[in-house]
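Residue numbering for the sequence shown follows my numbering, beginning at 8 and increasing consecutively.
No residue lacks a Cβ here, since even glycine has one placed at the ideal position from N, Cα and C.
The structure presented is a predicted model; accordingly, all values stated were derived computationally and were not measured.
See structure below.
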Amino acid sequence: MKHNTPRILSTKKLLPNQRALLLHAGFRLIEADFIKIEYRNTDLSHVLDHIIFTSKNAVKSVLQHKNSAGLKDKPCFCVGKKTARLLEQNGFKVITQKDYAKELAAEILRDYAHSGFTFFCGNLRKDDLPEALSEHHVRFNEIEAYTTLMTPRKITSPLDGILFFSPSGVESYLTENSITDEVCLCIGTTTARSLEGVAKNIVIARAPEVESVIAGTAKYFEKI
Numbered sequence: 008m009k010h011n012t013p014r015i016l017s018t019k020k021l022l023p024n025q026r027a028l029l030l031h032a033g034f035r036l037i038e039a040d041f042i043k044i045e046y047r048n049t050d051l052s053h054v055l056d057h058i059i060f061t062s063k064n065a066v067k068s069v070l071q072h073k074n075s076a077g078l079k080d081k082p083c084f085c086v087g088k089k090t091a092r093l094l095e096q097n098g099f100k101v102i103t104q105k106d107y108a109k110e111l112a113a114e115i116l117r118d119y120a121h122s123g124f125t126f127f128c129g130n131l132r133k134d135d136l137p138e139a140l141s142e143h144h145v146r147f148n149e150i151e152a153y154t155t156l157m158t159p160r161k162i163t164s165p166l167d168g169i170l171f172f173s174p175s176g177v178e179s180y181l182t183e184n185s186i187t188d189e190v191c192l193c194i195g196t197t198t199a200r201s202l203e204g205v206a207k208n209i210v211i212a213r214a215p216e217v218e219s220v221i222a223g224t225a226k227y228f229e230k231i
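Listed below in structure tokens is the structure:
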């Protein structure tokens with residue numbers, strides 16, 4: 008290890024309580040937003056009977072729409088506990104929540120294949136879910152609710168670990184930086200896959216949540 012106190016980069020700015028977890032555990036922390044989210048003024052006139060959300064960003068975009076209240080009677084299917092929580096806090100009915108889009112697609116195909124879905128997504132959304140629905144002839148449409156923009160920057164400080172929260176964050180980081188022997192701590196398998204062939208040491212959080220990434224970081228460095 009390069010330092011007695013590990014230096015960690017978070018590729019997004021953390022909430023105060025999340026930051027405190029790392030600082031209290033004795034880490035030196037650098038934070039920078041490597042992506043920027045812009046919400047779009049979406050057209051809600053063609054939303055089908057069921058709604059899919061795979062991120063909080065999509066939910067936040069829909070919530071800012073003046074007609075979003077008209078969607079609250081539509082059953083929601085989502086990826087992520089925090090996505091589900093945000094929907095429920097705003098009066099939406101969540102039918103099912105899964106950790107990954109592939110798991111959500113499997114449940115839809117098993118139990119709801121004859122229903123119609125609107126998928127609120129971002130411009131960099133992965134193909135797993137829409138491809139699965141298309142292949143099994145499930146009726147759905149997509150509404151692009153937000154845009155992910157790369158905001159790369161050069162990091163000159165030596166690092167022991169890097170926290171990654173999305174494939175787009177990985178892509179943005181690698182635009183200006185390289186990875187040598189730093190451990191890469193990832194929020195999920197999709198993010199980890201984007202580092203294959205680039206990073207030698209990849210750790211995946213036990214659950215796809217920021218707090219789980221932080222817990223995994225502490226556990227990893229305890230062993231060194």
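Quiz item: Does the Cβ-Cβ distance between Lys251 and Val86 come in under 7 angstroms?
Solution: The chain is shown from 8 up to 231; residue 251 falls before or after that span and cannot be answered.
Practice problem: Quickly, what does DSSP pair Asn148 with across the bridge? List them, please. | Solution: Thr125
Practice problem: Specify the secondary structure class of Arg92 as computed by DSSP and reduced to three states. | Solution: helix
Exercise. Measure from the alpha carbon of Lys207 to the alpha carbon of each residue in Arg117, Thr187, Pro159, then state which is nearest.
Key: Thr187
Quiz prompt | Cβ shell of Leu116 (< 6 angstroms), same chain only, five flanking positions each side left out | solution = His143
Quiz item: Thinking C-alpha only, which one of Ser17, Thr12, Leu70, Leu181 is nearest Asn97?
Solution: Leu70
Exercise. Going by DSSP, name the residue or residues bridged to Ile169.
Key: Leu16, Cys191
Quiz item: Does the beta-carbon distance from Gly168 to Phe41 come in below 7 angstroms?
Solution: no
Exercise. Starting from the C-beta of Cys83, find all residues in its chain whose C-beta is less than 7 angstroms away, skip the five residues before and the five after it, and write them out in chain order.
Key: Ile58, Phe60, Leu94, Phe99, Lys100, Val101, Ile102
Quiz item: Of all the options Lys73, Pro23, Asn130, which has the alpha carbon lying nearest to the alpha carbon of Val217?
Solution: Pro23
Quiz item: What residue range is occupied by the uninterrupted alpha helix (DSSP H) comprising Val217?
Solution: 217-229
Quiz item: Which residues in the same chain have their Cβ closer than 6 angstroms to the Cβ of Lys1, if we skip the five residues on either side of it in sequence?
Solution: Not covered by the structure: residue 1. The range shown for the chain is 8 to 231.
Practice problem: Label Asn64 either buried or exposed according to how many other C-beta atoms from any shown protein chain fall within 10 Å of its C-beta, with 16 as the threshold for buried. | Solution: buried
Quiz item: At which residues does the beta strand (DSSP E) containing Gln246 begin and terminate?
Solution: Residue 246 falls outside the range modelled here, since the chain spans only 8 to 231, and no answer is possible.
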